[in-house]
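Engineer: Just dropping this structure here.
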Amino acid sequence: MSETTVSDPTRLPSHLPPNTPHRFYRGGERILAFRGLDVPADFDGHRPEDWLASTTRLFAEGGDGVTLLADGTPLPDALGADPEHWLGPDHLATHGIEPGLLTKLLDAGERLPVHSHPDRAFAAAHLDCAHGKTEAWIVLAAEPGACVWLGFRDELPTDELASLVEAQDDRLLEALNRIEVRRGDAILVPGGQPHAIGAGVLVLELQEPTDLSVMLEHRRFGLDEAHAFLGLSVSRALESVDRGPLTGPSLAALRTRWTDVAGAGHALPARATEFFRAEVLSATSGSPATGAAAFAVVVVVSGRGTLSTTPAGHDSPRPTEVGRGDVLLVPYGAGEVRVEGELTVIRCMPPG
Ligand SMILES: [Zn+2]
883 MSETTVSDPT
893 RLPSHLPPNT
903 PHRFYRGGER
913 ILAFRGLDVP
923 ADFDGHRPED
933 WLASTTRLFA
943 EGGDGVTLLA
953 DGTPLPDALG
963 ADPEHWLGPD
973 HLATHGIEPG
983 LLTKLLDAGE
993 RLPVHSHPDR
1003 AFAAAHLDCA
1013 HGKTEAWIVL
1023 AAEPGACVWL
1033 GFRDELPTDE
1043 LASLVEAQDD
1053 RLLEALNRIE
1063 VRRGDAILVP
1073 GGQPHAIGAG
1083 VLVLELQEPT
1093 DLSVMLEHRR
1103 FGLDEAHAFL
1113 GLSVSRALES
1123 VDRGPLTGPS
1133 LAALRTRWTD
1143 VAGAGHALPA
1153 RATEFFRAEV
1163 LSATSGSPAT
1173 GAAAFAVVVV
1183 VSGRGTLSTT
1193 PAGHDSPRPT
1203 EVGRGDVLLV
1213 PYGAGEVRVE
1223 GELTVIRCMP
1233 PG
């Protein structure tokens, strides 16, 4: 690789500006605050998700979502023009040109509706899609007492689920495990598991790259049934829902604490690695942390310092000054990543 090539800014980590499509639910102020941005004068209060390095479009609500790089190039076009640089040979051999990952910041300004996402088997059988939507939440901030809901506490027979969905009242939410969360929590949400995020929670979210949701609660959020059930019949769509129970060790296995990682380590439970990887790199003064070359969305979750990369064929690292709230897209070709300072980042990466 020549110097000329490496001086090309696409060869280096690049800052990702906000990419916040309009959504049906409220939120977004915590994303702006986290990123150190002022609330714009025309802020409409419905920008609760920041889609980071996205090659995915919204299923409805206008079909936005794809990331544009700083020069205006849609990310899928950039990947297609130089896939080996962006994704690396191993990823290309296993997964092709798709990153296979959707990363978001999500600020729940109000409680989200109870919903679920199909798993891969259901998406392949009924939605002509190779990906389901297993997702994971890495809690970056939470108001005191804020909570999420995940999985039915007791098994729900098919007809009872159908009647709760028909009723559209609070019983659906009340049937789920309520989990109080705080900064440092990480929760894996397998495809099929019903869930909701409560008001006052800011998460870094990793997902399979689809926007397929079964909106079990939809009426009070003004969603029509075709949107709510993915264009399927209600009974077919409800077949994608895990009717539980999700309790005890099964629920505990879906939870961990990303703030417990010292140095470098996984932010998510082990089961997540089939779908995506989230790696904490935490540096303290005199103790840098390093990660292997990979296509990654790097979110700086605390502190300040430098993130350095060393592209192949170069001896000297290329440092970038970073601080809390910065989001960078790092191509595989940027090489090993090293963070130094008083700094914690989370690298969101496709499955290995
Ligand atoms: Zn979800």
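So the sequence shown is numbered by our numbering: it starts at 883 and just counts up by one. C-beta atoms are modelled at their ideal positions from N, C-alpha and C, and glycine is treated no differently.
Under the rule that 16 or more other beta-carbon atoms within 10 Å means buried, what is S1164, buried or exposed?
Structural biologist: S1164 comes out buried.
Engineer: Return the first residue and the last residue of the beta strand (DSSP E) that H1109 is part of.
Structural biologist: Per DSSP, H1109 belongs to no beta strand (DSSP E); it is in the alpha helix (DSSP H), 1107–1110.
Engineer: Please report the distance separating the alpha-carbon of P971 from that of A990.
Structural biologist: Answer to the nearest angstrom: the Cα atoms are 37 Å apart.
Engineer: Is H897 buried or exposed, if buried means 16 or more other CB atoms sit within 10 Å of its CB?
Structural biologist: Exposed, because fewer than 16 other Cβ atoms sit within 10 Å of the Cβ of H897.
Engineer: Quick one: Cα of W933 to Cα of A1049, how far?
Structural biologist: If I take the Cα positions, the gap works out to 33 Å.
Engineer: Pick out every residue whose C-beta is nearer than 6 Å to a heavy atom of ligand 1: which are they, in chain order?
Structural biologist: Result (chain order): H997, H999, E1017, H1077.
Engineer: Have a look at R1220 and L1043 and give me their C-alpha separation to the nearest angstrom.
Structural biologist: R1220 and L1043: Cα-Cα distance of roughly 49 Å.
Engineer: Does any residue of chain D have a CB that is nearer than 7 Å to the CB of V1047?
Structural biologist: Included in the structure is just one protein chain, with no chain D present.
Engineer: Quick check: the region 953–963 against the region 1195–1208, are there 3 or more CB pairs under 8 Å?
Structural biologist: With a cut-off of 8 Å, the region 1195–1208 and the region 953–963 do not count as touching, because too few Cβ pairs lie within range.
Engineer: Note down the Cα distance separating T1166 from V1227, rounded to an integer number of angstroms.
Structural biologist: Their backbone Cα atoms lie some 12 Å apart in a straight line.
Engineer: Please list, in chain order, all residues of the same chain as P1201 whose beta carbon is under 6 Å from its beta carbon, the five residues on each side excluded.
Structural biologist: Result list for P1201: T1188, S1190, in chain order.
Engineer: If you count every other CB in all the chains shown that lies within 10 Å of the CB of G982, and 16 or more means buried, which is it?
Structural biologist: Buried, since its Cβ has 16 or more Cβ neighbours within 10 Å.
Engineer: By DSSP's criteria, Q1089 is part of a beta bridge. Which residues make up the other side?
Structural biologist: BP columns for Q1089 point to L984, E1017.
Engineer: In the DSSP assignment, the beta strand (DSSP E) including I1069 goes from what residue to what residue?
Structural biologist: 1067–1071 is the span of the beta strand (DSSP E), which, as asked, contains I1069.
Engineer: Check for me: the beta strand (DSSP E) holding S1190 runs from which residue to which?
Structural biologist: 1178–1192 is the extent of the beta strand (DSSP E) around S1190.
Engineer: From the DSSP output, in three-state form, read off A923 for me.
Structural biologist: Coil.
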